[in-house]
Amino acid sequence: MFKDKRAVEKGMVTVDEAITLLEFSLTDEADEESLKKQFKKMVLKYHPDRNQNQGATEKFIKIKDAHDLLQQVLAQRKIVYQPQAQQFDFGTFSINPTATSSTGFSWSVHFG
Numbered sequence: 008m009f010k011d012k013r014a015v016e017k018g019m020v021t022v023d024e025a026i027t028l029l030e031f032s033l034t035d036e037a038d039e040e041s042l043k044k045q046f047k048k049m050v051l052k053y054h055p056d057r058n059q060n061q062g063a064t065e066k067f068i069k070i071k072d073a074h075d076l077l078q079q080v081l082a083q084r085k086i087v088y089q090p091q092a093q094q095f096d097f098g099t100f101s102i103n104p105t106a107t108s109s110t111g112f113s114w115s116v117h118f119g
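In this note's numbering, the protein residues as written are 8 to 119.
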């Protein structure tokens, strides 16, 4: 994956690294709730008060950065995949497409 120079200089994580750090999968079903659940699990595992191993603090900080990045990715994906509803009016009937989570689109047709 392409790495932004500024991100590398600041020690920030890329999307691929974030997925690996959080052991998370960006599938179509991935949402904020599943990300939050996995983040909590990993934070508890690497929190400096609970994990005294060398490198745990650094990993804890990277996990927080990874969570922030994946939250942004999910938010952007939500915006991209929610199409704008357009109404098509043909005089005697109209078609109104709406987005649904299971099938993608639902159509309602009104006559009259």
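The C-beta atom is built at its ideal place from N, Cα and C for all residues, glycine as well.
In this text the structure is predicted, and so the values were computed from the model without any measurement.
Task: 7 Å Cβ shell around alanine 63 - same chain, five flanking residues per side excluded - done: The sequence position of residue 63 within the sequence shown is 56, counting from 1. Here the set comprises Tyr53, Pro55.
Open item on the list: Here's the rule I'm using: 16 or more other beta-carbon atoms within 10 Å means buried, otherwise exposed. How should lysine 44 be labelled?
Closed with: By one-based count along the sequence shown, residue 44 stands at place 37. Exposed: under 16 other Cβ atoms inside 10 Å.
TODO: Within the same chain, show all residues whose beta-carbon is closer than 8 Å to that of leucine 29, passing over the 5 residues directly before and after it, in chain order.
DONE: Here residue 29 corresponds to residue number 22 of the sequence shown, with the count starting at 1. Once the five neighbours on either side are set aside, the close Cβ partners of leucine 29 are Leu42, Gln45, Phe46, Met49, Ile70, Ala73, His74, Leu77.
Open item on the list: Quick check on this structure: which residue in Arg57, Asn58, Asp23, Asp38 has the alpha carbon closest to the alpha carbon of alanine 82?
Closed with: Within the sequence shown, the letter at position 75 stands for residue 82. Ranking Arg57, Asn58, Asp23, Asp38 by Cα distance to alanine 82 puts Asp38 first.
TODO: Go through its chain and collect everything with a Cβ distance to tryptophan 51's Cβ below 7 Å, but skip five positions before and after it.
DONE: The residue given as residue 51 occupies position 44 in the sequence shown. The question names tryptophan, but residue 51 is leucine in the sequence shown. Arg57.
Open item on the list: Counting only C-beta atoms, is serine 41 closer than 9 Å to chain D at any point?
Closed with: Protein chains in the displayed structure number just one, and chain D is not present.
Task: Three-way DSSP call (helix, strand, coil) for threonine 64 in this model - done: Sequence index remark: in the sequence shown, residue 64 carries index 57 (1-based). Helix, per DSSP.
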